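Right, here's the structure in full:
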């Protein structure tokens, strides 16, 4: 089929015409080009500013006290696991005010964390120069969160990490950057604006690929607030905002429940682990599946098979494991958590090496003595339904 | 492009940068075929670039660089797409929302572009783009998407008819 007639020409013209690309796209390209040898360093900065448009308007005097859980649920509603934890009181109403000389007053309103998730709500109160009604987006590009041992848990800005390291006489190296940036993902946030009090409320949900340690304190600081207004103007306010929060016992002494396998329908599966936390659970497994070629095959056949395999994986990367869920003995099903993009890892190669890791909405408040994991395993050889039964490992 | 790819394979970062800058607009459009949210598109393109940079030495045919990075990008887009479990209805709704939210920035060419996306289904959008924007043959698209070549030809012909009909009806 060649491009020959007027219709073809018109379709080509439509697709080739310049289309609008947001400024953040160019920035993302430049950031990745600058940092490509260190992997993606500005992790989801666009997401930081992404979801601040469609907010829920609050009338003054809304029922904080009456329905606090319902109120908080609306912030965290991207994660069923987090909602469950909040419903069971696994949240702190912190009300910690940030120290700042700025006119923008910030309060850490609510807070919760476990080994994998760290979520909090900030209230930002503006002076009369800025009306929250006019704000379409807001960005805190250099927000830094550290523990009482000066470990940086999260920071969205490399310069800020450098500055913090220098100030606290820490070794500034790639490990620190990895911990602060690469191993964290801001998964989502939403906005509620309280127009009467000119307050904007922002939720941060952070997910760590490493486990968060049990901490006594957390420090928050930032120097920049970028405000995007409806009229197209952008205001950048620079100052210092700092606060710290003491960990409540429920966060410091948090527990996890491990499960062990009692039955697996696929004998090649091994190294199966399920750990359940307050806000989520992590399921991992490894397997040595049937390889797509063997070493004793001729080189040209091996090459052909490798290419075949690569072509196959390019179009089916996330179908290796499909329809996955965990079921408790009450018949309740828990699916892969939507709170983060980076919570899934699936590896499958032509040697048959298979690895899978995923986060689920199953929490400590949902578990029963036995749990069952169901999924469809799709390999180059075909599909297979896998059932894994687990029990509490005490 | 071949020279730049060879330089990039020898570790020349500037050459890699030039390659990406030559393709950045096409990469955006290709990702837009699968994803509607700009932040997701940025993530997918960033990830594809980083993977391409890391693996460029393994690319045996320098002339295949463009199709190779497009394959990687489609893979990254698919990953995000499946994570978000976007279905066809929500894609269309997302496009509608995008048009409303970005109304101030969009011109006639944008509207035509998005109307064209809306009239095609998920696979067809990608096939049409690879064919008309990148001028890949049915055979090449078949290899990139792992879809039978005859199916590609059929889908292209049907898509063209659909676009033609919508054009006649004034939709595009």
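Chains as they are written, first to last, in our numbering: chain H, 1331 to 1724; chain V, 27 to 198. Glycine is no exception: its CB is placed at the ideal position from the N, C-alpha and C atoms. Quick caveat: nothing in here was measured; it's all calculated off a predicted structure.
Comparing C-alpha distances from residue 1557 of chain H to each of H:1549, H:1551 and H:1566 shows the shortest one belongs to H:1566. Around residue 93 of chain V, no beta-carbon contact reaches into chain H at under 8 Å, the shortest distance being about 11 Å. Against chain H, the CB of residue 118 of chain V has no partner CB under 8 Å away; the residue lies outside that interface.
Counting along the chain, residue 157 of chain V sits inside the alpha helix (DSSP H) bounded by residues 148–158. The alpha-carbon separation between residue 1632 of chain H and residue 81 of chain V amounts to approximately 20 Å. The beta-bridge partner set that DSSP reports for residue 1435 of chain H consists of H:1455.
Straight through space, the alpha carbons of residue 1621 of chain H and residue 1597 of chain H are spaced by roughly 15 Å. Residue pairing for residue 164 of chain V: DSSP places it in no beta bridge. With a contact defined as Cβ atoms closer than 8 Å, residue 1619 of chain H and residue 1684 of chain H qualify at about 5 Å. Contact note: residue 1636 of chain H does not reach chain V at a C-beta cutoff of 7 Å; the least C-beta distance is about 11 Å. In chain order, 1359 and 1363 make up the part of chain H whose C-beta sits under 7 Å from the C-beta of residue 46 of chain V. In summary, residue 1628 of chain H is exposed, with fewer than 16 beta-carbon neighbours lying within 10 Å of its beta-carbon over all protein chains present.
With respect to residue 1341 of chain H, residue 139 of chain V sits apart: the two C-beta atoms are not nearer than 8 Å. Taking each of H:1679, H:1548, H:1571 and H:1417 in turn and checking the Cα distance to residue 1472 of chain H, the smallest one comes out for H:1571.
In summary, residue 1712 of chain H is exposed, with fewer than 16 beta-carbon neighbours lying within 10 Å of its beta-carbon over all protein chains present.
With respect to chain V, the C-beta atom of residue 1354 of chain H has a partner C-beta closer than 8 Å.
For residue 1721 of chain H, same chain residues with a beta-carbon under 7 Å away, outside a window of 5 residues either side, are 1589, 1590, 1592, 1699 and 1700 in chain order. Using a CB distance below 8 Å, no part of the region 1463–1474 of chain H faces chain V. For the options H:1433, H:1436 and H:1415, the alpha carbon positioned closest to that of residue 1448 of chain H is the one of H:1415. At least 8 Å separates the beta-carbon of residue 1412 of chain H from that of residue 1575 of chain H. Going by C-alpha positions, residue 1442 of chain H is about 11 Å away from residue 1534 of chain H. Per DSSP, residue 1562 of chain H is not a residue of any alpha helix (DSSP H), being assigned neither H nor E. DSSP lists H:1708 as the bridge partner or partners of residue 1713 of chain H. Each of H:1601, H:1436 and H:1687 was checked against the Cα of residue 1528 of chain H, and the nearest Cα belongs to H:1436. Residue 1652 of chain H counts as exposed, since fewer than 16 other beta carbons sit within 10 angstroms of its beta carbon.
Shortest Cα-Cα distance from residue 93 of chain V to any of V:49, V:40 and V:187 involves V:49. With contacts defined by Cβ atoms closer than 8 Å, residue 1532 of chain H and residue 142 of chain V do not form a contacting pair.
Using a C-beta cut-off of 8 Å, the region 1676–1691 of chain H makes contact with the region 1603–1619 of chain H, since at least three inter-stretch Cβ pairs fall below that distance. In the three-state reduction of the DSSP assignment, residue 73 of chain V falls in the helix class. Any Cβ of chain V closer than 8 Å to the Cβ of residue 1590 of chain H would place that residue at the interface, and such an atom is absent. Residue 1617 of chain H is positioned such that its CB atom lies no closer than 8 Å to that of residue 135 of chain V. Burial state of residue 1568 of chain H is exposed, judged by a 10 Å Cβ sphere holding fewer than 16 other Cβ atoms.
Under the three-state reduction of DSSP output, residue 1544 of chain H falls in the coil class, being neither helix nor strand. Assignment of residue 1594 of chain H by DSSP, reduced to helix, strand and coil, places it in the strand class. Rounded to the nearest whole angstrom, the CA to CA distance from residue 1667 of chain H to residue 1595 of chain H is 24 Å.
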